[in-house]
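Undergrad: Encoded as structure tokens, here's the structure I'll be asking about.
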Amino acid sequence: MSTRGHEAELFETDVLIIGGGVTGTGVMRDLALRGIRCLLIDRRDLNAGASGGNHGLLHSGGRYASADTETATECRQEGAILKRLAAECIDDCGGLFVAVEGDDIDYAERFPERCAAAGIPCEPLTPAAARELEPGLSDKAFAVYQVPDATVDPFRLTLENVNHAQQLSDSQYLPHTEVTDFEMDDHGAITATLCRNNRSGELRRIRASQVVNAGGAWAMEIARMAGCSDVSLIYSKGTLIISNIRLSDRVINRLRPPGDGDILVPGGTVSVLGTTSDNVESLERIRPTVDEVERNLAQGAMMMPRLDHTRFIRAFSGVRPLLQASGAGSDGRKASRGFTLFDHESQGLSNFATITGGKLTTFRLMAEKTGDLVAARLGVDTPCRTATEPLPSGDAIRWTEPGFAARYWYNRRDPKDMILCECEMVPQSAIDQIVEAAPGAEEKMSLEAIGLRSRVGKGSCQGSFCAIRVGSYLYERGVYDSPDGLRQMRNFVDGRFKGVRPVLWGEQMTQMELAEALHCGLMGLDKIGSNEPGSGE
Amino acid sequence: MQQKPRAYEVQLAVIGSGLAGFAASIFALERGLSTAQVGNTGAVAYTTGYLDLLGYHPVTGQQMLHDPWQGLETLRRDEPGHPYALIRNDEIADAFHLFTRAVSDMGVNYSAPGENNLAALTPSGTFKPTLSVPLTMLPGVEAHRRAARTRIVDILGLKGFSAREVVANLQDSWPGLSAVTINFPGMESGSQVYPEVMARALQVPAERELFAQQLREVAGDAEYLGLPAIMGIHEPDAVHNDLERLSGLRLFEIPTMPPAVAGIRLREAFEQIFPERGLLLIPQQKVDRVTPEADGTTLRLKDSYGDVSIHAQAVILATGRFLSGGLEALRDGVREALLNLPVTQPEGREAWYRERYFDPRGHLVNRAGIEIDPQFRPLGRDGKPASKRLFAAGVILAHQDWIRQRCGAGIAIASAYKAVESAAAMLTRQT
Ligand SMILES: Cc1cc2nc3c(=O)[nH]c(=O)nc-3n(C[C@H](O)[C@H](O)[C@H](O)COP(=O)(O)OP(=O)(O)OC[C@H]3O[C@@H](n4cnc5c(N)ncnc54)[C@H](O)[C@@H]3O)c2cc1C
Ligand SMILES: Cc1cc2nc3c(=O)[nH]c(=O)nc-3n(C[C@H](O)[C@H](O)[C@H](O)COP(=O)(O)OP(=O)(O)OC[C@H]3O[C@@H](n4cnc5c(N)ncnc54)[C@H](O)[C@@H]3O)c2cc1C
């Protein structure tokens, strides 16, 4: 599908999809199921944007029931579909909404009827019964309702989308390929998309009949490159923190208008508390801060007092692309959580579409609407199948699931298959499978890319030790054969640090000191160069 | 088993069993002071075995310091608060010589500290500027200097040590370098092997014969073989010499990831030899409470036999940083864990760390620590010495960044030297 000209590498496809988040990969699979060939690109890698920086809550809709019945209904419907078709990505753990002393009593009392309006099952519990289910709940809770919230692994979801699409058609995914410009003809059609390969610095030129912009928060920038001014987004940054233990069985939501630290989502052996919401001007240099961590903790501890004495292993941030509807003002939390599909015909373009806004929970529906438009433009009348066709899993994409590696290893009990990541029990054979066959696998694959496709670096050491062991193993296997392998280790721990930094106190600080002694004192990673292209931001 | 509380009376009590604590005990015994030392093994368990004096100055420099003594002069001018600013070069040299000689006497031989830094090998195939290295590691420095035909050997099942990694990172500057993997005799299954287990196996002469034969078989035309550090725990030099004799090759060790044997060797040598020399050593315990009294200071702790109290005329605090528990990082600030001494620190957690991990300037929180006067007495909140009996040594001291400056052992050894000197002077004045 690609030929290398003297100036740019050339690719041709039917549909180019920009953005490897849950939306872009969802569109890829949707189109592949209709028999349409696509090329998916991302400036960094899968889930580099909000899809890798979210709460992982498969919303029952309860969160939006009070303010936005339409979004709440969509969440309920889509949540039910995903639970049926992508069960291995989901932990159907249920959720509670909890009001504590000081919260608005009227708001709490109206909750069941608002849920009923959106069709969301909602069971009242006495605070005592709730504390029996979730002993960590504050004794100041005065109203509790049970709803069908669940959690979802967005990494698994995107990997499965891409994997399935690649199986169905000769669709392809290219990481670190960033759109920089579009070429147009006189009739309002994009004739070529110009990209930079962020790893090599080389140019890539992509010719496609249709171009889909699934750039999430970047969708406005990308649309502007194509001369479209109709996409108008507010950037709302959210920060979350991850504890080193699982603090509750269920999702715990604060029963009040959305605010900092009001959702605690369990995920495997950890819990994630969030989220803050702050409007930001730019998408560059997004990183969690100490202040955001403290704000989450201060609020979260009112629902779950244990949070004040919990060890946190990392914080992370994502940016929500919120559609600026006229009259909504600039409050990120009040702006619509709905999505919009732009066909850009008003802008004089005939083969360009943008899909942005929305939720992780509603990605399938977003992909369906986009697929319908693109298929119609291509004259394909095969209907959407994602509401009925289950998502198949594959060997090389099981490794993002917490606990999977440990089960796999105990079942096989092959002592030669050594554990490289001790926190998450990731063995050598997992690395072998990922390097060979995971979606987006490539030569001299980066540690960051391996981390994205597994639990490497996600445990309490945050990659301090496993990055070094995995790196050494890849040298041993000959995957790395130059000082570039050390730069991979350096870049990986540098990347993880961004999230560790704001939660450094107590034991996590002790660990950091040991890590720095290892990385700098022992290995000298602080003194090697790191200025290769594409070394992250 | 509950016994009646044991009470000891000594001139000097050392709190901490890191390099600073052990160095302090060495210097105190040399001066003939009756001495007690308490502490769990701290960062010693992690050390490469290399004794660093000063590797980089300024800390942002990409070039390692060739002459660390010259570097120290500049450091004192640029960073007048640095602990090294309170110690002269001749005192530091004296401290290093005393320390390496004492450790060599205990069976772990070190190269004599010299004029220049050595470029010592790391398991990632980079170099570490350091002043003195165990003799089992010294031939590696030599082999590299001569660019001799050398083969790096790794062992099947040893995680985090890859001969190919070492070679991949050095091949440009060291053309005669190659890599090979061997089985450790008796551990051929391919499952995980541990440096400490192999090192203990090599204490046995018959094991050494088998191992040397393996080495001969894979040596090819190499003059030197570089191995992960596994050549014995006790008297590693004897193990090293014997393996060289049996294999007919020059051999050297490269440090491994922690827990590594270099630190275990030091700890076991200290724990065995010190008590023979009259040190009251209470290993693997933490002091719970320190009570100042009119005629001395009492340290209290518990071990598996019950309560212990040590009454001392002088105390050296060498409890290390976060990793060892000397300093504690709380959500709202850093505190000194045992005596609640004031800690000089950046304002607020946002200022502790820079945005980028590998920022060449290093992180500000790593320069946090306790303040001392020129006699190495920690200062209290009023800026005056907290007690005339209390001294401090090691990386708990403020205004240094031992990791980035590559000066961990140097600060520990040199400050222990000064703290013992001041404590001895105080004890003399008292009698
Ligand atoms: C803090 C936070 C918490 C959230 N929690 C939840 C939750 O619990 N439940 C839920 O349902 N939803 C949640 N969301 C919302 C959800 O995460 C997003 O709606 C969803 O992930 C958006 O996916 P996307 O694919 O549209 O965008 P993204 O995932 O942002 O993907 C866009 C991609 O485009 C790429 N890109 C950008 N520019 C270019 C370019 N020029 N060339 C090539 N590629 C480019 C980026 O690298 C990125 O990977 C949360 C969001 C945030 C920020
Ligand atoms: C991974 C790693 C690699 C290293 N590599 C090198 C190297 O190559 N070269 C080099 O020069 N240095 C190296 N070091 C540093 C060196 O080992 C020492 O850590 C350093 O010199 C500091 O010594 P210290 O004695 O001040 O502190 P530590 O070594 O931290 O010792 C402090 C001691 O105090 C004890 N303690 C704390 N609280 C109490 C209490 N209440 N009661 C009793 N005892 C207590 C601790 O248990 C510990 O024994 C390395 C360190 C690490 C972690």
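Line by line, the protein sequences give chains A and B. Per the working numbering, the first sequence starts with residue 2, numbered consecutively. Per the working numbering, the second sequence starts with residue 8, numbered consecutively. Heads up, the beta-carbon is just placed ideally off N, CA and C, and yes, glycines get one too. Treat the numbers as computed from the prediction; the structure is a model and nothing was measured.
For the stretch 247-260 of chain A and the stretch 223-230 of chain A, state whether three or more C-beta atom pairs, one from each stretch, are separated by less than 8 Å.
TA: Too few Cβ pairs lie closer than 8 Å, so no.
Undergrad: Between Cys39/A and Val16/A, which are expected to be in contact by the criterion C-beta below 8 Å, what is the C-beta distance as a whole number of angstroms?
TA: Rounded, the Cβ-Cβ distance is 4 Å, consistent with contact.
Undergrad: Count the other CB atoms, across all protein chains shown, that sit within 10 Å of the CB of Val375/A; report buried if there are 16 or more and exposed otherwise.
TA: Val375/A comes out buried.
Undergrad: What are the residues that DSSP puts in a beta bridge with Cys76/A?
TA: BP columns for Cys76/A are empty, so no partner.
Undergrad: In three-state terms, what does DSSP make of Val457/A?
TA: In this structure, Val457/A counts as coil in the three-state DSSP scheme.
Undergrad: Using only CA atoms, which one of Met446/A, Glu110/A and Val494/A lies nearest to Lys459/A?
TA: Ranking the options by Cα distance to Lys459/A, first place goes to Val494/A.
Undergrad: I'd like to know whether the C-beta atoms of Arg77/A and Ile121/A end up nearer to each other than 8 Å.
TA: Closer than 8 Å, so yes.
Undergrad: Alpha carbon to alpha carbon, how far is Leu34/A from Ser327/A? Give it in angstroms, no decimals.
TA: Confidence at Ser327/A is low in this model, with a pLDDT of 48, below 50, so its placement is unreliable and the value that follows should be read with caution. Whole-angstrom Cα-Cα distance: 36 Å.
Undergrad: Does Pro262/B get closer than 8 Å to chain A when you measure Cβ to Cβ?
TA: Chain A, which has a Cβ nearer than 8 Å to the Cβ of Pro262/B, makes this yes.
Undergrad: Output, in chain order, the set of chain B residues within a Cβ distance shorter than 9 Å of Trp219/A.
TA: Simply none; closest approach about 22 Å.
Undergrad: Does DSSP classify Ala400/B as helix, strand or coil?
TA: Three-state DSSP puts Ala400/B in coil, outside helix and strand.
Undergrad: For Thr55/B, return the contacting residues in chain A, with the cut-off set at a CB-CB distance below 9 Å.
TA: In chain order: Gly522 and Leu523.
Undergrad: List the residues of chain B that Phe498/A touches, going by C-beta distances under 7 Å, in chain order.
TA: By Cβ distance, chain B contributes Tyr364.
Undergrad: In the structure shown, what three-state DSSP assignment does Arg488/A receive?
TA: Looking at Arg488/A - three-state DSSP - the assignment turns out to be helix.
Undergrad: Can you give the Cα-Cα distance for Val28/A and Tyr474/A, rounded to whole angstroms?
TA: Their Cα atoms are separated by approximately 36 Å.
Undergrad: My parser needs the alpha helix (DSSP H) runs of 4 or more residues fully inside the stretch 265-333 of chain B; what are they?
TA: Correct list: 268-283.
Undergrad: Using a Cβ cut-off of 7 Å, pull out every chain B residue sitting near Glu517/A, in sequence order please.
TA: Correct list: Ile410.
Undergrad: Is there a Cβ of chain A sitting closer than 8 Å to that of Trp359/B, yes or no?
TA: It does; some Cβ of chain A falls within 8 Å.
Undergrad: Assign Tyr236/A to one of three DSSP states: helix, strand, or coil.
TA: If DSSP states are grouped into helix, strand and coil, Tyr236/A belongs with the strands.
Undergrad: Is Val23/A near ligand 1, in the sense that its beta carbon is under 7 Å from a heavy atom of that ligand?
TA: Yes, ligand 1 has a heavy atom inside 7 Å of this Cβ.
Undergrad: Between Pro192/B and Asp415/A, what straight-line distance do the alpha-carbon atoms span, to the nearest angstrom?
TA: Pro192/B and Asp415/A: Cα-Cα distance of roughly 20 Å.
Undergrad: Considering only the beta carbon of each residue, do Leu125/B and Ile159/B sit closer than 8 Å?
TA: Not in contact: Leu125/B and Ile159/B (Cβ atoms no closer than 8 Å).
Undergrad: Tyr481/A versus chain B: which residues are under 9 Å apart at the beta carbon?
TA: Those are Arg171, Glu172 and Ala175, listed as they occur along chain B.
Undergrad: Please confirm whether Pro202/B has its beta-carbon closer than 8 Å to some beta-carbon of chain A.
TA: Answer no: the Cβ-Cβ gap between Pro202/B and chain A never drops below 8 Å.
Undergrad: Output, in chain order, the set of chain A residues within a Cβ distance shorter than 7 Å of Lys135/B.
TA: Residues of chain A passing the Cβ test: Gly525.
Undergrad: Can you find a heavy atom of ligand 3 that lies under 7 Å from the Cβ of Ile18/A?
TA: In the structure on display, ligand 3 does not appear, and the ligands it does have are ligand 1 and ligand 2.
Undergrad: If I'm right that Leu19/B touches Ala421/B with Cβ under 8 Å, what's the distance once you round it to whole angstroms?
TA: Incorrect: roughly 18 Å between the Cβ atoms, too far for contact.
Undergrad: Listed from N- to C-terminal order along the chain, which residues in the stretch 334-353 of chain B have their beta-carbon within a distance smaller than 7 Å of any beta-carbon of chain A?
TA: Per Cβ criterion, the list reads Ala336, Leu337 and Arg338.
Undergrad: With a Cβ-Cβ cutoff of 8 Å, do Arg491/A and Phe259/B count as a contact?
TA: Not in contact: Arg491/A and Phe259/B (Cβ atoms no closer than 8 Å).
Undergrad: What in chain A is Cβ-close to Gln407/B, meaning under 8 Å?
TA: Within chain A, no residue comes near Gln407/B; the closest Cβ sits about 13 Å away, beyond 8 Å.
Undergrad: What are the residues in the stretch 504-515 of chain A lying within 7 Å of chain B by C-beta distance?
TA: So the list reads Leu505, Trp506, Gly507, Met510, Thr511, Glu514 and Leu515, given in the order they occur along the chain.
Undergrad: Using a Cβ-Cβ cut-off of less than 8 Å, list which residues of the stretch 132-157 of chain A approach chain B; keep chain order.
TA: Hits within the stretch: zero.
Undergrad: Could you say which of Gly327/B, Glu357/B and Arg388/B lies nearest to Gln407/B if we only look at CA atoms?
TA: Of Gly327/B, Glu357/B and Arg388/B, the residue nearest in Cα terms is Gly327/B.
Undergrad: Less than 6 Å between C-beta atoms, sequence neighbours within five positions excluded: which residues of the same chain meet that for Thr298/B?
TA: Result list for Thr298/B: Thr305, in chain order.
Undergrad: Is the stretch 165-180 of chain A touching the stretch 140-152 of chain A in the sense that three or more CB pairs, one from each, lie closer than 8 Å?
TA: Flag = no, the stretch 140-152 of chain A and the stretch 165-180 of chain A do not touch.
Undergrad: By the 10 Å Cβ neighbour count, where 16 or more other Cβ atoms means buried, how is His73/B classified, buried or exposed?
TA: Per the 10 Å Cβ criterion, exposed.
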